[in-house]
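Undergrad:
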Amino acid sequence: ELAKQTAGATDDITVKIEAIQSATNDAVQAIGEITNIIGTINDISNTIASAVEEQAATTNEISRNVAESATGAQEIAQNITGVATAANETASGANQNLSAADNLANLANELGNLLSRMKAEVNV
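For the sequence shown, my numbering begins at 146 and goes up steadily by one.
So this is what it looks like as structure tokens:
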């Protein structure tokens, strides 16, 4: 009877050991899958970090280009103001030249009249 009990207990222990081994194998397999998932997450994180770094560099480049464009636009505006000022000064000078030309024309006309009168007086 004791031998039967020992054999039964041995069978029970064997079943329990097999169950523990099976559970251990399942745990090892799960740990392997978790390790693979962690590796994949690590790869994705590295890809994201690279993309963020590249995006930051691109954003800095865009910012620099915008600043240069703003400076260029400001210089263009200043040049346009200078051209407008020069155009106003040229127009003012042209008006003064026109006025001087009118004065010269009037003087020439008066001189012509004066010469005509002198000629008429000399012929008398």
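Here a beta-carbon is modelled for each residue, glycine too, at the ideal position from N, C-alpha and C.
(1) In whole angstroms, what is the alpha-carbon distance linking residue 161 and residue 193?
(2) Going by beta carbon distance, what residues of the same chain come within less than 6 Å of residue 187, once the five residues before and after it are set aside?
(3) With H, G and I counted as helix, E and B as strand and the rest as coil, what does DSSP make of residue 266?
(4) Does DSSP put residue 255 in a helix, a strand or coil?
TA: Looking at the atomic coordinates:
(1) On the sequence shown, residue 161 is found 16 positions in, with the first residue counted as 1. On the sequence shown, residue 193 is found 48 positions in, with the first residue counted as 1. Looking at the two C-alpha atoms, the distance is approximately 47 Å.
(2) Position 42 of the sequence shown holds residue 187. Taken in chain order, the list of residues that qualify is empty.
(3) Indexing the sequence shown from 1 puts residue 266 at position 121. If DSSP states are grouped into helix, strand and coil, residue 266 belongs with the helices.
(4) The count along the sequence shown starts at 1 and reaches residue 255 at position 110. DSSP places residue 255 in helix when its eight states are reduced to three.
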